[in-house]
Amino acid sequence: MNHRKPDIGADSIRLAGTLQHVASPMAAAAVDYPDGCFAPPHRHRRAQLLYAISGVMTVYTAEGAWVVPANRGVWVPPETEHSILNSGLVQLRTVYIEPNLARHMPAHCAVIQVSPLLRELLIAALDMPLDQAPRKKHMHVMKLILEEIRTLPVLPLYLPIPEGSVIAQICRDIIDFPGAPHALATWSRRLGLSSRTLERHFNSATGMTFSRWRQQARIIASLPLLARGDSILEIALELGYDSPSAFAAMFRRALGVTPSAYFSDAEPPGASHRSNA
């Protein structure tokens with residue numbers, strides 16, 4: 464979906480490959496990625512949890528896009544091809560988990576709210592040895608990490624993106640130009656379809672109504688802008704809203720908090736441990 468030049472470091476790619484085959488069934492790593500850094504499509508033998516201390520990650524798969532703001536995480540099942548675009552300075556903490564430990568975990572990608580407990584567990588996981596079977600205390604850490612991932616709330620930060628259809632073209636246009644006055648009636652006239660027929664096709668392809676999908680696309684587009692410090696006025700205008708209050712009301716309805724409060728969580732601990740991911 465994203466066509467940026469792949470620029471993730473070779474060291475990160477090598478280490479990610481190494482961590483698929485270490486003795487420990489759960490392997491953690493930490494790395495910082497600069498704004499715009501892109502990881503091209505790849506897959507891992509192990510499942511993966513990616514957690515952003517800062518910045519915003521967008522994870523793309525064949526099913527769609529998951530946006531992962533700071534203090535949230537995304538679950539990626541084993542062998543799921545995905546690419547990642549980093550917006551802002553992304554301080555990544557990640558764990559790779561053996562497939563047999565992930566049998567009862569989500570079968571699809573999901574963005575979760577990372578609890579204070581899970582944050583501390585991920586930091587503790589960075590100190591687990593990779594080249595030996597885990598000790599009893601490390602087994603406790605692993606079990607708690609899995610339980611937290613399994614039970615934490617899933618956040619509505621997913622955008623389904625169909626492939627190879629006229630609906631896919633509509634979706635791509637909205638993603639590329641979220642502030643344009645996209646209207647179902649305009650697309651209906653352009654395609655020679657009734658609005659009702661196009662709405663039915665759109666719902667079938669995405670599982671959402673046209674207006675709901677467009678709103679979700681705008682929410683997702685707003686998060687990297689909020690993370691880099693753009694004002695609510697600037698974001699509202701860029702995304703096609705008539706006023707900052709209209710944008711803020713939509714944002715609060717969708718995510719339960721105002722845009723200005725969304726990134727106000729205190730930055731958690733977890734600086735440099737094992738580098739690269």
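In my numbering, the protein residues as written are 464 to 740.
Heads up, the beta-carbon is just placed ideally off N, CA and C, and yes, glycines get one too.
Bear in mind that the values here come from a model prediction, so they are computed numbers and not experimental data.
Secondary-structure assignment with DSSP links P623 through a beta bridge to G527.
One Cα belongs to M602, the other to M591, and the distance between them is close to 10 Å.
Within the same chain, Cβ atoms closer than 6 Å to the Cβ of M605 are found at M489, the five residues on either side in sequence being excluded. In chain order, P541 place their CB closer than 6 Å to the CB of P562, counting only its own chain and leaving out the 5 sequence neighbours on each side. Using a Cβ-Cβ distance cut-off of 8 Å, the stretch 508-523 and the stretch 543-562 are in contact, since at least three pairs of beta carbons, one from each stretch, lie closer than that value. For H571, no alpha helix (DSSP H) run applies, since DSSP gives it neither H nor E. Following the DSSP letters along the chain, one finds A491 in no alpha helix (DSSP H) but inside the beta strand (DSSP E) bounded by residues M489 to Y496. Taking 9 Å as the cut-off, the Cβ atoms of F640 and L689 do not count as close. Counting along the chain, V577 sits inside no alpha helix (DSSP H), nor does DSSP assign it H or E at all. Look at M671 here: in three-state DSSP terms it is coil, with no helix or strand label. Within the same chain, Cβ atoms closer than 6 Å to the Cβ of G703 are found at G642, the five residues on either side in sequence being excluded.
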